[in-house]
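For the protein sequence lines, the chains are P and G, in the order given. Using our numbering, the first residue of the first sequence is number 12, and each one after it goes up by one. Using our numbering, the first residue of the second sequence is number 11, and each one after it goes up by one. Report on the following structure.
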Amino acid sequence: MRLVVTDLQSALAGPFNLELEAGRCAAISGASGSGKSLFLRMVADLDSHGGEVRLDGVAARTLPAPDWRRRVPYVAAESGWWRDTAIDHFAAADREAARALAARLGVGSAQVDGPAAQMSTGERQRLALVRAFVLNSPVLLLDEPTGPLDPEATTAVEAYLRERMAGGTAVLIVTHDPRQALRLGADHYRMADRHLTRMDPAAVLEAAP
Amino acid sequence: MNTISLTPMDLAIAASLVLFDAVLSVALRLNLHRQVLWAGTRMVVQLVAVGFLLRWVFAAHHPALTVLVVLVMSAIAAREIAARPERKFKGYFGLTISATGVVIATVVTVGLALTTAIRPQPWYDPRYAIPLAGIVLGSVLNAGSLTLDVLLGDARRERSAIEAQLALGVPYRAATAPMMRNAVRRGLLPIVNQMSAAGLITLPGIMTGQIIAGEDPIEAVKYQILLMFLLAGASGLTSLTIAELAMRRLSDSRQRLRLDRLR
């Protein structure tokens, strides 16, 4: 197993248990406030928690926190920016890859080199994803990655994710769209009242309009 | 020295200016008159009480008493600093952090002045130690409260930017470096302003007081320069200590941003 979550919990949510093989995707759906983001944040070790997360057998707590997060990067639904231009948010060594990926997801070089504050919501979201993608991590934690994106951009992001999964990356995704889960061939989980339950594929198909 | 002694009548005439502010508030409906009058009354009562207290402390001339007075003044400054931010640390951490910054800055700078430049005999002569600590604490209060307020405000406002970096594996210290710099910088601004304006825009209070009391201007200036250096050092020490301790309290061993430690 690439990612094993055991009894992950805090005062606010859980306990959560989940297993994810390399190259697989797990999709989590559920109402706002049901604990989906809290779950991903605990996996990324951004919130204090009990329980354990292992990546390829290595427990999170045995690694320095930044090293763990580089392996298990988390992209929040609301992206944060801390430099003037979008490209400044990438390490010098990653900039070439970032430009190529941004172009692939439909963000032009004018936006990539322009002020971060002037990007549209969709452009910001795609570049926030690119920031995590260029790390080439074994796991990706994505909180509504295509929420503000148009169908074309969504298709481009999903195609990229399928490529990464073929290369062994495990993807944990929060999505409101059951069809997205199907397109990514995901195991489907439902978050309700801050607890996670696995859904069988037939029920997912039924839920998809 | 031929000090001009003020009569109660002199003060009463000056007090009419405060009444003018209150009338202004009523006329313009600023709704400030109660606060103006209350603050004015409070100021008079506080200062008169302090005057009598100092007279007593000076007469007692005891090291323990001098130290006690300075400690009480420091505690009040620490409390004010901790009370300033909009959202404060839970529990007593704000107070602990502020008190540490205040005590370090005051002990180092006042201690330096008493053992090198001023050298009263004995060192604890309250006539030197207490006013000196009072002036230093004024700057410490300014620097400390600005630093803590800006730091905690930035932490909340920049939360998504800081956490976006943490989530990509950027270490806590790197992700929060601009916040730390900004807070210390803000803490140092008042003393930088004070030093650059000194003599041109404002005549500093101590120097003015000495000149009015009949001191030679050059002697008064030398004294003022020494004080400014002390205040600069105290501001820097307070800002740095408080910012550093607050940064630590805002994180944990897993380099998270712990805004849950704020109220």
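All C-beta atoms, glycine included, are put in the ideal place defined by N, C-alpha and C.
Just to confirm my understanding: we take G209 of chain G, look at its own chain, exclude 5 residues before and 5 after, and list those with CB closer than 6 Å. What are they?
none
What do you reckon, are the CB atoms on R135 of chain P and E169 of chain P nearer than 8 Å?
no
Tell me the residue span of the beta strand (DSSP E) that contains T96 of chain P.
No beta strand (DSSP E) contains T96 of chain P, which DSSP labels as neither H nor E.
Hey, P156 of chain P and L140 of chain P: beta-carbon distance below 8 Å or not?
yes
What beta strand (DSSP E) runs, 3 residues minimum, are completely inside the segment 119 to 186 of chain P?
150 to 154, 181 to 185
The segment 208 to 224 of chain G contacting the segment 112 to 125 of chain G, beta-carbon criterion three pairs below 8 Å
no
Restricting to Cα atoms, I'd like to know which of P:V86, P:Y85, P:V64, P:R201 is closest to H187 of chain P.
P:R201
Secondary structure of H206 of chain P, DSSP reduced to three states:
strand
Strictly below 9 Å CB to CB, what residues from chain P border Q265 of chain G?
D56, P75, A76, P77, R80
With a threshold of 8 Å between beta carbons, is L183 of chain P in contact with chain G?
no
May I ask you to list the residues that DSSP assigns as paired with Q20 of chain P?
P:G61
Between the CA atoms of Y102 of chain G and T180 of chain P - distance to the nearest angstrom:
45 Å
Min CB distance A87 of chain P to chain G below 8 Å
yes
Any C-beta of chain P sitting closer than 8 Å to the C-beta of Q175 of chain G?
yes
Taking beta-carbon pairs under 9 Å, can you tell me which members of the segment 137 to 158 of chain P lie near chain G?
A139, R142, A143, L146, S148, L152
Residues in the same chain with beta-carbon distance under 7 Å from V113 of chain G, minus the five sequence neighbours each way, listed in chain order, please.
S84
Assign P24 of chain P to buried or exposed, taking buried as 16 or more other Cβ atoms, counted over all protein chains shown, within 10 Å of its Cβ.
The question names Pro, but residue 24 of chain P is Ala in the sequence shown. A24 of chain P should be labelled buried.
Grab the span of the beta strand (DSSP E) containing E254 of chain G for me, first residue to last.
Looking at the DSSP string, E254 of chain G is not in any beta strand (DSSP E); the run it does join, the alpha helix (DSSP H), is 227 to 259.
Which residues in chain G sit within 9 Å of S59 of chain P, going by Cβ to Cβ distance?
D262, R264, R266, R268, D270
Output, in chain order, the set of chain P residues within a Cβ distance shorter than 9 Å of S170 of chain G.
A87, E89, S90, G91, W92
On a CA-only basis, which of G:I145, G:D262, G:L199, G:F99 is nearest L236 of chain G? Give me that one, please.
G:I145
Where A139 of chain G and T76 of chain G are concerned, what is the direct C-alpha to C-alpha distance, given to the nearest angstrom?
7 Å
Chain-ordered neighbours of P84 of chain P on chain G, where CB pairs are closer than 9 Å
A177, L178, G179
If you check the beta carbons only, do R82 of chain P and L57 of chain P fall under 8 Å apart?
no
Residue span of the beta strand (DSSP E) that contains A113 of chain P, given as start and end:
Unbroken run through A113 of chain P is the alpha helix (DSSP H), 106 to 115; no beta strand (DSSP E).
Where does E30 of chain P fall in DSSP's three states?
strand
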